[in-house]
Ligand code: MLT
Ligand code: ZN
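Residue numbers (the UniProt record's numbering): 1 to 498.
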């Protein structure tokens with residue numbers, strides 16, 4: 001591939017180079033202006049993330065329709081040494097899919113939205129990266145199957161983004177992580193080659209499982225263009241119950257009993273605190289207190305999914321009587337029908353939307369030892385109270401069944417003094433508990449420089465070496481996931497010295 005000279009810092013030269021790249025991209029995408037966008041207005045929705053927290057100024061936004069077009073974009077960006085930011089539904093929470101100020105080319109997958117196959121016998125589906133999760137769910141539902149991933153952003157997030165961030169969601173407890181559910185991938189590498197790992201086999205024990213490299217890599221090693229995913233049978237009977245509890249310790253005690261007594265039908269175990277509920281009730285029209293007049297400190301949503309309604313409801317009833325008898329729950333409510341169950345789920349699922357409406361929010365998504373998980377929320381409240389009073393609200397909710405806490409600090413607007421009170425305190429706390437600073441949202445731009453709180457130096461150096469091997473020009477989503485210095489060091493460190 002012939003390469004023009006590397007970009008210089010000279011403004012007029014780099015503008016000329018940028019213009020040439022944009023023209024070449026437009027040609028590669030058939031001269032379709034709507035698919036190579038350059039004006040601020042046309043790029044706006046791709047330049048800023050869902051939360052309005054991360055904003056960049058991309059050189060242009062490209063909307064490929066095929067893998068061939070993605071290849072052409074990547075080759076041109078390599079030729080012009082211009083960074084690429086892959087983007088799906090732009091619903092990430094750590095700035096992983098948002099451009100920075102570095103004049104990058106956004107590659108948004110929304111036009112690659114074809115469902116390629118649905119196989120009932122094998123229980124799997126294949127699709128392009130830009131398929132919206134909810135659309136894939138509808139397609140497989142009509143054949144009696146389900147996508148083993150469900151999250152609040154399902155109406156907007158895309159399969160390529162879900163895979164690239166290894167999204168967790170509400171039913172990880174039931175179906176496990178995407179690392180187990182994704183059967184195959186097609187990836188465009190940083191040199192424009194296509195790596196065809198698209199298999200739908202459950203068992204394939206031939207060497208290194210390369211697709212795992214791209215799951216959770218946030219587009220830093222290559223661009224996911226197609227996905228093959230297992231689609232288990234959809235449950236025939238689903239029950240939802242919401243409980244009010246007096247302490248976090250009781251939520252944990254009830255989890256053990258849920259595992260024991262609901263066993264194979266337990267499909268979700270989610271918690272939120274009173275502060276989260278109050279915010280939802282205040283911000284989201286049509287929501288109602290599930291246990292009116294009886295404010296409780298914590299709420300737990302328990303869901304069962306099985307195949308025989310009578311059997312599942314008998315199990316749920318027996319579980320209810322056990323937790324009542326033992327004085328673990330104070331009160332609760334069982335979803336009467338689908339609509340009521342949906343309303344109960346909304347209270348948990350839409351907390352992040354309520355937070356967005358409430359103003360600015362600092363979000364932390366951490367794994368901690370289950371029993372001590374909520375201590376981080378109370379510790380932060382104690383830290384904030386004397387200085388900020390009630391202007392700052394600390395909320396805790398999350399996937400209790402997976403040891404994943406969502407710690408959210410809500411305030412009117414972003415403020416450095418508030419951020420300084422949170423960081424690095426939260427990261428140090430998580431490190432001292434041997435937890436993870438990212439349970440499911442990824443590192444993105446927000447936490448790339450903080451990876452050391454959860455990974456030791458050797459692991460980070462090895463990751464950077466992998467990045468260097470697959471992306472020697474450093475064009476794939478730079479500044480995301482890995483610290484800049486680690487990536488630089490990898491360029492000059494032979495493997496043997498790691
Ligand atoms: C959730 O579990 O609700 C999502 O991960 C989003 C969030 O953390 O707010
Ligand atoms: Zn979550």
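We put the beta carbon where it would ideally sit given N, CA and C, even for glycine.
I believe residue i touches residue j by the beta-carbon criterion, under 8 Å. Please report the beta-carbon distance rounded to the nearest angstrom.
i: residue 398; j: residue 271; result: 7 Å
i: residue 391; j: residue 360; result: Wrong, their Cβ atoms sit about 11 Å apart, outside the cutoff.
i: residue 91; j: residue 50; result: 5 Å
i: residue 215; j: residue 171; result: Wrong, their Cβ atoms sit about 17 Å apart, outside the cutoff.
i: residue 377; j: residue 435; result: Not a contact, Cβ separation roughly 14 Å.
Beta-carbon within less than 8 Å of residue i's beta-carbon, same chain only, minus the 5 sequence neighbours each way: which residues are those?
i: residue 263; result: 315
i: residue 101; result: 56 and 57
i: residue 33; result: 26
i: residue 502; result: This structure gives no information on residue 502, because the portion of the chain shown stretches from 1 to 498.
Please confirm whether any heavy atom of ligand 1 lies closer than 7 Å to the CB of residue i.
i: residue 406; result: yes
i: residue 150; result: no
i: residue 365; result: yes
i: residue 230; result: no
i: residue 440; result: yes
i: residue 178; result: no
i: residue 436; result: no
i: residue 352; result: yes
i: residue 93; result: yes
Hey, residue i and residue j: beta-carbon distance below 8 Å or not?
i: residue 305; j: residue 174; result: yes
i: residue 104; j: residue 58; result: yes
i: residue 362; j: residue 422; result: yes
i: residue 330; j: residue 241; result: no
i: residue 244; j: residue 291; result: yes
i: residue 184; j: residue 228; result: yes
i: residue 448; j: residue 481; result: yes
i: residue 502; j: residue 198; result: Shown here, the chain extends from 1 to 498; a query on residue 502 therefore has no answer.
i: residue 278; j: residue 369; result: no
i: residue 408; j: residue 440; result: no
i: residue 337; j: residue 239; result: no
i: residue 401; j: residue 269; result: yes
Measuring only from the beta carbon, is residue i closer than 7 Å to any heavy atom that is part of ligand 2?
i: residue 303; result: no
i: residue 349; result: no
i: residue 396; result: no
i: residue 168; result: yes
i: residue 399; result: yes
Excluding the five sequence neighbours on either side, which residues of its own chain have a C-beta within less than 6 Å of the C-beta of residue i, listed in chain order?
i: residue 225; result: 67, 70, 129, 186 and 188
i: residue 114; result: 128
i: residue 4; result: In this predicted model, residue 4 has a pLDDT of only 40, less than 50, meaning its place in the structure is not dependable; the value taken from the coordinates is given anyway. So no residue of the chain qualifies.
i: residue 276; result: 351, 395 and 397
i: residue 155; result: 134
i: residue 75; result: 192
i: residue 335; result: 240, 341 and 344
Grab me the residues of residue i's own chain with a C-beta within less than 7 Å of its C-beta, minus the 5 sequence neighbours each way, in chain order.
i: residue 234; result: 141, 144, 145 and 146
i: residue 446; result: 94 and 95
i: residue 248; result: 298 and 374
i: residue 519; result: Since the first residue shown for the chain is 1 and the last is 498, residue 519 is missing from the structure and cannot be characterised.
i: residue 6; result: At residue 6 the pLDDT is 40, less than 50, meaning the model places this residue with poor confidence; the figure from the coordinates comes in the next sentence. The residues are 81.
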